[in-house]
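Here the sequence shown stands for residues 13 to 120, numbered as in my numbering. First the structure, in the form of structure tokens, and then the observations on it.
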Amino acid sequence: GSALEIAKSSAMAALEAVSAENGGQTDATFAIMTFDGGLTVYDVVGRQKIRVDDIDELSREEVLLSFEKSMKMRRVFARVDRYKEDILEAIDSISNSGESDTILNGLG
């Protein structure tokens, strides 16, 4: 498979492994970010995403500011025990086109 499909499968496997710990009772969290010439940060709890386009054309300071702004989203890190299916949907929605197909029931 493609590198993207391998990365997605690996992320899903890691999520499944974490969610299986302690009989599914875990306080582990996941954050989903993609870099493809732009930066996309997914908020699976609030069903939204932030995208910064053309990140490679920004200065280092602008990139850091964009990343810092993204990290201030209330719910970048989602609890696995509560949002596993939403996280899996978000991972599955990532595509090579730079935009996700249908993210989390219409998010996007």
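In this text, a Cβ means the ideal position worked out from N, Cα and C, and glycines have one as well.
The residue among Ala-43, Ile-106, Lys-81, Gly-35 with its C-alpha nearest the C-alpha of Asp-55 is Ala-43. For the pair of segments examined, the segment 95-108 was found not to touch the segment 66-80: the number of CB pairs separated by less than 8 Å stays below three. Excluding the 5 residues flanking it on each side, Ala-40 has same chain C-beta neighbours closer than 6 Å at Val-30, Val-92, in chain order. DSSP places Ile-44 within a strand segment (E or B) once states are collapsed to three.
Annotation: Ala-19 to Glu-28 spans about 14 Å, alpha carbon to alpha carbon.
Taking 8 Å as the cut-off, the Cβ atoms of Ser-78 and Val-64 count as close. In the DSSP assignment, Val-57 falls outside any alpha helix (DSSP H) and carries neither an H nor an E.
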